[in-house]
Amino acid sequence: MALPMQRSLLRSFVQSMHEEGIVNDDFYQLLAMKETVRQDYVVRAVTSYCLSAQNLFSHLTYHICQPEVDYHQVNTAACEFYARTSSIGAEHVKLSCAELIQACQENDKEYCSQALYWTKNEYSKLRRKFETLVQMERKIIDLENGH
Numbered sequence: 005m006a007l008p009m010q011r012s013l014l015r016s017f018v019q020s021m022h023e024e025g026i027v028n029d030d031f032y033q034l035l036a037m038k039e040t041v042r043q044d045y046v047v048r049a050v051t052s053y054c055l056s057a058q059n060l061f062s063h064l065t066y067h068i069c070q071p072e073v074d075y076h077q078v079n080t081a082a083c084e085f086y087a088r089t090s091s092i093g094a095e096h097v098k099l100s101c102a103e104l105i106q107a108c109q110e111n112d113k114e115y116c117s118q119a120l121y122w123t124k125n126e127y128s129k130l131r132r133k134f135e136t137l138v139q140m141e142r143k144i145i146d147l148e149n150g151h
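Residue numbers (the working numbering): 5 to 151.
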């Protein structure tokens, strides 16, 4: 498939993610970085985000499942995840993460569990979209490099 067509498909895909509210305007800033930083910037940023999300989910799940929840630990991890999520422009995950932070501040284990479940669910939807986006980006990079 020709490079212009692949770029058009990518633009349409990102536009649909934006219209669904999955990503916000910050995600467009991330996309613009590949023009000034490096060709695979988006692939690297999304991959890094997904790896850190998996680690943070493990950390959060472990602490919330303890008989005595260390809300400070959970809040710290939730705030870190919120910051990473905000920087990549993942709107739905950001909103659910804000709910998790609220639950930590209320020291409510059940609320934390529910908010973590919601956050994982929103992240799961985002990750599927990001997997598609990374495939599209890689195809464009290959075409740009003449492969």
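Positions of the beta carbon are idealized from the N, C-alpha and C atoms, including for glycine. Note that this is a predicted model, so its numbers are computed, not measured.
Check, Outcome
"If you draw a straight line from the alpha carbon of N28 to that of T40, how long is it in whole angstroms?", "20 Å"
"Does the distance from the CB of N125 to the CB of I105 come in under 9 Å?", "no"
"What ranges does the alpha helix (DSSP H) occupy inside the region 64-136, keeping only unbroken runs of at least 4 residues that lie completely in it?", "75-92 and 95-109"
"E141 and D44 - do their beta-carbons sit closer together than 9 Å?", "yes"
"Taking the continuous alpha helix (DSSP H) assigned at D29, which residues delimit it?", "D29 to T40"
"Looking at Y86: is its Cβ nearer than 9 Å to the Cβ of C101?", "yes"
"Along the chain, where does the alpha helix (DSSP H) containing Q43 start, and where does it finish?", "Where Q43 is concerned, there is no enclosing alpha helix (DSSP H), given that its DSSP letter is neither H nor E."
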